[in-house]
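One structure below.
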Amino acid sequence: MRLDAIVTVGREAEDPIRLGMALATFASWARQARLGRVRVIGQSWGASAELWDLCARHGCVPSEVVQLDPVESQRGRHVQAAALATTDVYGICDSDIVLLPHLVVEDCGRPDPPWHEYVAGLLRDRPKYAMLSALPEPGGMRPPMGGTDGHVWQVQNTGGIRFVRRGVVTPDAPPRHPDGGGGYDRDLCYWLDSRGWSVGYAIRLLAVHLGYGTSSVWRDDPEGAVDWREPEGRRL
Amino acid sequence: MERWPVFLTTRAVDKIRVGLAVAVISYWSRHLDADLTVLDCGASPSLRACLYCLGMTSVKWVEFPAEDSQRQRHAIAARLAAEARAEHYIQTDDDLLPRVSLSLGLAVDLMRLYPDFAMVSLSLPNCPLGGHVDRHYGQGTGPVSECGAAGGVRFCRTAAFASLDFPPRRPEEYGPGYDIPLAEGLRAAGYKVGFYGDGSPGTLRATHLAESPLLSCVWADFYGGPATSFPAQE
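Residue numbers (the numbering used here), protein chains in the order written: chain A, 68 to 303; chain B, 7 to 240.
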């Protein structure tokens with residue numbers, strides 16, 4: 068089996084720091100593509116020519132690059148990804164986060180299992196879930212809801228590397244709420260919740276959030292994230 | 007405005023690591039307080055090609071052999087800092103991204119308040135134990151906390167390093183790393199090492215981008231080599 072992985076990259080990649088992160092991100096997905104685990108689609112809204120030039124030099128150009136309208140890009144990326152996806156579960160991913168496809172922290176260093184089959188199975192076996200994200204470090208989890216079954220932890224909203232059940236995100240997804248800061252995760256997840264879906268973290272799939280602290284969305288509070296796994300919220 | 011020498015070691019071969027190195031070198035090359043020198047012990051030529059494409063053509067670059075590189079890079083940085091008559095310098099890696107608002111002057115000023123410390127590292131919140139090696143060693147959680155060893159983004163006192171007889175690595179005890187032997191050598195010379203602790207400003211932090219043994223240039227082999235699918239050297 069194979070997953071479609073739609074990787075969104077925007078204007079922020081004009082910044083060399085963010086460009087390096089995007090290069091690392093596309094390199095990580097290209098490796099998974101060579102293993103036949105994903106088909107990588109780049110979703111671009113104003114990404115610099117330098118990024119694609121460097122990706123070409125490194126052999127990590129996505130199989131397809133689609134342009135994304137910068138107006139309402141946070142919402143539009145999800146709607147467009149839903150239309151592009153051809154697999155039952157697809158990924159929609161930021162360009163500053165690298166998946167570590169080993170399943171538990173303690174397993175670091177061991178050959179990884181087929182994570183793409185694992186995450187598809189998580190959604191298949193949990194029909195109430197619309198979307199699961201890899202657990203990012205640093206940054207930690209969003210506010211949790213209830214406990215965990217050892218594989219999935221339900222939360223209020225997720226982001227980063229999201230694995231989505233095809234068909235749940237539709238063109239009538241809501242616009243970004245003006246009071247929600249620069250992000251859209253909360254808007255989308257609350258809308259999914261209103262339709263009876265849950266979202267959560269696949270807590271055994273880890274990801275390194277390269278862009279933590281250099282967010283292109285949350286510039287006003289780049290260091291304000293809280294790790295909700297700590298009892299009182301550990302400020303990172 | 008005072009500028010401090012920054013010595014950044016790279017061995018980025020893997021494509022992912024090249025991307026990370028591009029991000030980190032871009033950070034330091036734009037930092038107004040930093041005078042960057044890259045210490046290259048076997049990085050892919052594509053790293054320099056990437057930096058060239060991005061217009062970073064004036065970065066100082068020193069190549070040195072990969073053999074015993076963990077020890078040699080400290081010796082090279084200490085020598086270059088002493089030649090530059092810098093009181094302090096920074097020794098760092100290509101996968102450590104400090105907070106955007108990091109003030110080198112603030113970090114150095116704090117070091118001056120602790121003259122018995124030879125090396126103080128930025129705290130790494132995304133590392134196990136916050137990047138501290140044996141964090142309960144010595145004093146508690148002040149602005150500067152003594153630890154058994156320190157790594158990452160290291161603020162170094164040139165006088166302590168310039169006179170140091172750098173101890174050999176001890177791979178049979180500590181694997182491929184050098185932080186612990188170096189700390190022991192500094193302690194033998196009468197100094198302490200540590201981290202900017204919980205009592206220090208929040209800007210004295212960094213993110214370890216390659217926070218996995220599988221992404222490490224140093225430790226992957228120690229853990230039995232790269233995983234079958236990630237990240238094979240290319």
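Glycine included, C-beta positions come from ideal geometry on N, C-alpha and C. On a predicted model such as this, the values are computed, not experimentally measured, just so you know.
In terms of residues, what are the limits of the beta strand (DSSP E) holding residue i?
i	result
LYS198(B)	198–202
LEU70(A)	70–77
PHE172(B)	Taken as a continuous stretch (DSSP letters only), PHE172(B) belongs to no beta strand (DSSP E), as it is neither H nor E.
GLY214(A)	211–215
ALA201(A)	196–204
ALA189(B)	Per DSSP, ALA189(B) belongs to no beta strand (DSSP E); it is in the alpha helix (DSSP H), 185–194.
ARG163(B)	160–163
HIS214(B)	212–214
GLU69(B)	66–69
Compare the C-beta of residue i with all C-beta atoms of chain A and state if any pair is closer than 8 angstroms.
i	result
PRO237(B)	Confidence at PRO237(B) is low in this model, with a pLDDT of 34, below 50, so the placement of that residue should be treated as unreliable; the coordinate-derived value is given next. Yes, because at least one Cβ of chain A sits closer than 8 angstroms to the Cβ of PRO237(B).
THR26(B)	It is worth fixing the name first, because residue 26(B) is Leu in this sequence and not Thr. So, interface residue.
THR15(B)	no
CYS153(B)	no
LEU102(B)	no
VAL12(B)	no
LEU215(B)	yes
LEU60(B)	yes
HIS138(B)	Unreliable positioning characterises HIS138(B) in this predicted model, as indicated by a pLDDT of 48, which lies under 50. A coordinate reading is not provided.
ARG141(B)	With a pLDDT of only 48 at ARG141(B), under 50, the local geometry of the prediction cannot be trusted, and no value is derived from it.
DSSP three-state label for residue i, please.
i	result
GLN147(A)	helix
SER111(A)	strand
ALA240(A)	coil
CYS47(B)	coil
PRO137(A)	coil
LEU273(A)	strand
GLY25(B)	helix
ASP41(B)	strand
GLY227(A)	coil
ALA100(A)	helix
GLY87(A)	helix
VAL19(B)	coil
TYR157(A)	strand
PRO245(A)	coil
LEU60(B)	coil
VAL12(B)	strand
GLU81(A)	helix
ARG233(A)	coil
GLU131(A)	strand
GLU173(A)	Bear in mind that the predicted position of GLU173(A) carries a pLDDT of just 48, short of 50, making it unreliable; the figure below should be weighed with that in mind. Helix at GLU173(A).
Give the range of the alpha helix (DSSP H) segment to which residue i is assigned.
i	result
TRP264(A)	Taken as a continuous stretch (DSSP letters only), TRP264(A) belongs to no alpha helix (DSSP H), as it is neither H nor E.
VAL186(A)	182–192
ARG124(A)	116–125
TYR251(A)	No alpha helix (DSSP H) holds TYR251(A); DSSP gives it neither H nor E.
TYR180(B)	177–180
With a threshold of 8 angstroms between beta-carbons, can residue i be considered close to chain B, or not?
i	result
GLY158(A)	no
ALA269(A)	no
ASP120(A)	yes
HIS183(A)	no
CYS127(A)	yes
GLU81(A)	no
GLU204(A)	yes
VAL222(A)	no
GLU131(A)	no
LEU277(A)	yes
LEU86(A)	yes
GLU58(A)	Any property of residue 58(A) remains undetermined from this structure, which presents chain A solely from 68 to 303.
ALA116(A)	no
ALA100(A)	no
ALA305(A)	The displayed coordinates of chain A run from 68 to 303. Any statement about residue 305(A) would go beyond what the structure contains.
VAL105(A)	no
ALA91(A)	yes
VAL74(A)	no
VAL146(A)	no
VAL231(A)	no
VAL236(A)	no
VAL219(A)	no
VAL165(A)	yes
For residue i, return the contacting residues in chain E, with the cut-off set at a CB-CB distance below 7 angstroms.
i	result
LYS21(B)	Going by chain labels, chain E is absent from the structure shown, which instead holds the protein chains A and B.
Runs of alpha helix (DSSP H) lying entirely within the segment 82–154 of chain B, each at least 4 residues, in chain order:
The DSSP assignment places complete alpha helix (DSSP H) segments of no fewer than 4 residues inside the segment 82–154 of chain B at 110–118, in order along the chain.
Contact set between the segment 23–56 of chain B and chain A, restricted to residues whose Cβ is under 9 angstroms from the partner: Correct list: ARG23, VAL24, GLY25, LEU26, ALA27, VAL28, ALA29, VAL30, ILE31, SER32, TYR33, SER35, ARG36, SER52, ALA55, CYS56.
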